[in-house]
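Each protein sequence line maps, in turn, to chains W and X.
With our numbering applied, the first sequence has no gaps in its numbers, which climb one by one up to 251 at the end.
With our numbering applied, the second sequence has no gaps in its numbers, which climb one by one up to 494 at the end.
The C-beta atom is built at its ideal place from N, Cα and C for all residues, glycine as well.
All values reported here derive from a predicted model rather than from experimental measurement.
Contents: one structure, followed by commentary.
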Amino acid sequence: MSPRILGSTTKRILNQLRHDHRTVGLLVIVPILLLTLLYFMFKNEALLPGQPSTFDRIGLIMLGVFPFVIMFLITSIAMLRERTTGTLERLLTTPMGKLDLLFAYGIAFGIAAAIQASIAAGVAYWLFDLDTAGSTSLVILIAIANAVLGVALGLFCSAFARTEFQAVQFMPIVVIPQFLLCGLFVARDQMAGWLQAISDALPMSYAVEALQQVGAHADATDTLWRDLGIVVGCVVVALTLAAATLRRRSP
Amino acid sequence: METAIEVRNLVVERGKRRVLHGLTCSIPRGSVTGLLGPSGSGKTTLMRAIVGVQIVKSGVVTVLGEPAGTPRLRHKIGYLTQSPSVYADLTVRENARYFASLYKGITPADADNAVEMVGLGDAANQLVATLSGGQRARASLACTLVSRPEVLILDEPTVGQDPVLRDELWHQFRAMAAAGTTLLVSSHVMDEASRCDRLLLIREGALIADDTPDLVRASAGTNDLDAAFLHLIRTMEKTGVAS
Ligand SMILES: Nc1ncnc2c1ncn2[C@@H]1O[C@H](COP(=O)(O)OP(=O)(O)O)[C@@H](O)[C@H]1O
Ligand SMILES: [Mg+2]
Numbered sequence: 001m002s003p004r005i006l007g008s009t010t011k012r013i014l015n016q017l018r019h020d021h022r023t024v025g026l027l028v029i030v031p032i033l034l035l036t037l038l039y040f041m042f043k044n045e046a047l048l049p050g051q052p053s054t055f056d057r058i059g060l061i062m063l064g065v066f067p068f069v070i071m072f073l074i075t076s077i078a079m080l081r082e083r084t085t086g087t088l089e090r091l092l093t094t095p096m097g098k099l100d101l102l103f104a105y106g107i108a109f110g111i112a113a114a115i116q117a118s119i120a121a122g123v124a125y126w127l128f129d130l131d132t133a134g135s136t137s138l139v140i141l142i143a144i145a146n147a148v149l150g151v152a153l154g155l156f157c158s159a160f161a162r163t164e165f166q167a168v169q170f171m172p173i174v175v176i177p178q179f180l181l182c183g184l185f186v187a188r189d190q191m192a193g194w195l196q197a198i199s200d201a202l203p204m205s206y207a208v209e210a211l212q213q214v215g216a217h218a219d220a221t222d223t224l225w226r227d228l229g230i231v232v233g234c235v236v237v238a239l240t241l242a243a244a245t246l247r248r249r250s251p
Numbered sequence: 252m253e254t255a256i257e258v259r260n261l262v263v264e265r266g267k268r269r270v271l272h273g274l275t276c277s278i279p280r281g282s283v284t285g286l287l288g289p290s291g292s293g294k295t296t297l298m299r300a301i302v303g304v305q306i307v308k309s310g311v312v313t314v315l316g317e318p319a320g321t322p323r324l325r326h327k328i329g330y331l332t333q334s335p336s337v338y339a340d341l342t343v344r345e346n347a348r349y350f351a352s353l354y355k356g357i358t359p360a361d362a363d364n365a366v367e368m369v370g371l372g373d374a375a376n377q378l379v380a381t382l383s384g385g386q387r388a389r390a391s392l393a394c395t396l397v398s399r400p401e402v403l404i405l406d407e408p409t410v411g412q413d414p415v416l417r418d419e420l421w422h423q424f425r426a427m428a429a430a431g432t433t434l435l436v437s438s439h440v441m442d443e444a445s446r447c448d449r450l451l452l453i454r455e456g457a458l459i460a461d462d463t464p465d466l467v468r469a470s471a472g473t474n475d476l477d478a479a480f481l482h483l484i485r486t487m488e489k490t491g492v493a494s
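Listed below in structure tokens is the structure:
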């Protein structure tokens, strides 16, 4: 790996994003629109005194889920384009290392996700009075880790798609089961044993648990750090798998 | 003359087909070698093997004394893919500067020079997506030339360019060779052959001539390279052996 190549590649990816005004706009606006929708859905719910509102519970988790889903999609399409337009083949004939490319995607879209998550969190906390016991910065930190996980999985999955049509089909496969089993719809300890086992194997379950920890505790708990560690571990595994799909020689 | 690229008994299979059948050739340093042959004859495949991105069945490819594809060679070899490989959502200048940044000691000014060199100075700040096909091909060429590699493998660099530009590009190739760069340039049109120091004529994955343009003409008994090509193919088919 070379810091010079890593840096210039990160800059190049962000430059590509910058030229695409509509995507930048969507990155910022879509989470806000969805949070707004969520807010009004639960605005009139009847609460017993002391009961936390559903928006507090779901809105918090959404702050971590949006970056994952969106960065997964953007990365799989961006990497697929590198493969189909021949730029990947060209890059692999230059001194660039495979990890330079993969880490550059992680850092570039991680930065994009940090901005996205900060704006979404800002809206949720100040406009919609999202209430968490722990700090906003922890929520954003978890959101970034989750976004980078989306990037890493996107880099890996793009190897199995030939077209953009195929690439978008990976979203339901990768995202929806994780979303259903992450503990948002049914608490994980109330699931059937085999479902719980699957849930235990899916990284998003840990990101969601970490967010729930921020929601319930004023200070960062050990569980939170353990969960964050697991998410980061999954990023490393996914990046390793992605590196294995980058072949300098092809048939 | 010193050899820059050495190919011995190269066999390549793509899909289920054998594309190169034990090809042998050597390319001298500091020269322009033309790789000519009809479409589908294996020009791109041979170039990919030299760059080190092609899985080969058997045979040896050596570039500057090292096996093709070794990491050290990546600093010294430049490859222009047949279809332009540049980022459509970046400007010409951003593309050139990005590829420049991958090489040690190559500056943004070098990138801007490369853009001028391919005649895209006026379009430097234009997004590649908005360029014409010929301009896009030149943007891709600029990104290959930017690192001033010792060995340049150019796959059909002048296709779709207007005659004036083509002439300019060939002058630059000649100037680079004069300065010591080794160039392998493929083409499927014969009129570029006379610009080369040597010619490799390839058909159906086999070499049918490896000589100077003059000697190719002489051995075929004609001044016209197209006719020479036809003659060589006919002779080969009659005798049933590749030279
Ligand atoms: N990716 C591939 N898979 C299978 N066959 C291929 C592939 N690429 C090229 N070929 C075949 O290899 C042969 C040589 O192709 P190529 O080297 O591209 O020829 P040229 O560059 O001279 O036009 C052609 O018959 C072509 O169909
Ligand atoms: Mg070709």
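Tell me where the alpha helix (DSSP H) around X/Ala390 begins and ends. 384-396
Quick check on W/Gln178: buried or exposed, where buried means 16 or more other Cβ atoms within 10 Å of its Cβ? buried
Assuming contact is defined by CB atoms lying nearer than 7 Å, are W/Ala143 and W/Gly64 in contact in what I supplied? yes
Just list the residues that DSSP pairs X/Glu264 with in beta bridges. X/Arg269
Spell out whether any CB of chain W is found under 7 Å from the CB atom of X/Ala493. Because X/Ala493 sits at a pLDDT of 46, beneath the cut-off of 50, its placement in the model cannot be relied upon, and the following sentence gives the value as read from the coordinates. Closer than 7 Å: no.
Roughly how many whole angstroms lie between the Cα atoms of W/Ala104 and X/Leu396? 24 Å
Hey, which unbroken runs of the alpha helix (DSSP H) at 4 residues or more fall wholly within the segment 325-365 of chain X? 343-352
In the structure shown, what three-state DSSP assignment does X/Val283 receive? strand
Once the 5 residues before and after X/Ala493 are set aside, which same chain residues still bring their CB inside 7 Å of it? With a pLDDT of 46 at X/Ala493, under the threshold of 50, the predicted position of this residue should be treated as unreliable, and no value is reported.
Is X/Val270 close to ligand 1? I mean its beta-carbon at under 6 Å from any heavy atom of the ligand. yes
Whether X/Lys355 touches X/Pro400 by CB criterion (7 Å): no
Could you have a look at W/Leu73 and say whether DSSP puts it in helix, strand or coil? helix
Relative to chain W, which residues along the segment 269-302 of chain X have a C-beta separation below 8 Å, given in chain order? Val302
Spatial neighbours of X/Arg299 within its chain, please: C-beta separation below 7 Å, excluding the five flanking residues on both sides. Gln305
C-beta contact flag for X/Ser398 and X/Ile357 at 7 Å: yes
Name the two residues that bound the continuous beta strand (DSSP E) containing W/Leu88. Careful: W/Leu88 lies outside any beta strand (DSSP E), inside the alpha helix (DSSP H) at 87-91.
If I'm right that X/Leu261 touches X/Leu274 with Cβ under 8 Å, what's the distance once you round it to whole angstroms? 5 Å
Going by CA-CA distance only, name the one from X/Ser309, X/Arg268, X/Arg280, X/Thr284 that's closest to X/Gly293. X/Arg268
Buried/exposed call for W/Phe55, threshold 16 Cβ in 10 Å: buried
Helix or strand or just coil, what does DSSP make of X/Ser494? Residue placement at X/Ser494 is flagged as unreliable, the pLDDT there being 42, under the threshold of 50; the coordinate-derived value follows with that caveat. X/Ser494 falls in the coil class under three-state DSSP.
Quick one: is the Cβ of X/Thr295 within less than 6 Å of any heavy atom of ligand 2? yes
Cutting at 7 Å between CB atoms, please list the residues of its own chain near X/Arg259, excluding the five before and the five after it. Thr275, Gly310, Val311
Closer than 7 Å to chain W by CB, X/Val369: no
Is there a C-beta anywhere in chain X that falls below 7 Å from the one on W/Ala108? no
Let's test the definition: count the other Cβ atoms within 10 Å of the Cβ of X/Val440 and tell me whether it reaches 16, buried, or not, exposed. exposed
Count the other C-beta atoms from every protein chain shown that fall within 10 angstroms of the C-beta of W/Met41, then say buried if there are 16 or more, exposed otherwise. exposed
Is the CB of W/Ser158 under 7 Å away from at least one CB in chain X? no
Does the beta-carbon distance from W/Ile5 to W/Met96 come in below 7 Å? yes
So with Cβ pairs under 7 Å, would you call W/Gly86 a contact of chain X? yes
Among residues of its own chain, excluding the 5 on either side of X/Gln386, which ones have a beta-carbon nearer than 7 Å to its beta-carbon? Leu371, Ala374
Exposure label - W/Met71; buried when at least 16 CB within 10 Å: buried
Determine the extent of the beta strand (DSSP E) in which W/Ala216 is found, giving its start and end residues. No beta strand (DSSP E) holds W/Ala216; the alpha helix (DSSP H) holding it covers 203-216.
X/Asp465: which of X/Leu481, X/Asp448, X/Glu455 sits nearest, CA to CA? X/Asp448
Opening and closing residue of the beta strand (DSSP E) in which X/Ser445 lies: Taken as a continuous stretch (DSSP letters only), X/Ser445 belongs to no beta strand (DSSP E), as it is neither H nor E.
Pairs of beta-carbons, one from the segment 145-158 of chain W and one from the segment 242-251 of chain W, closer than 8 Å: are there three or more? yes
Under the three-state DSSP convention, the category X/Gln305 falls into: strand
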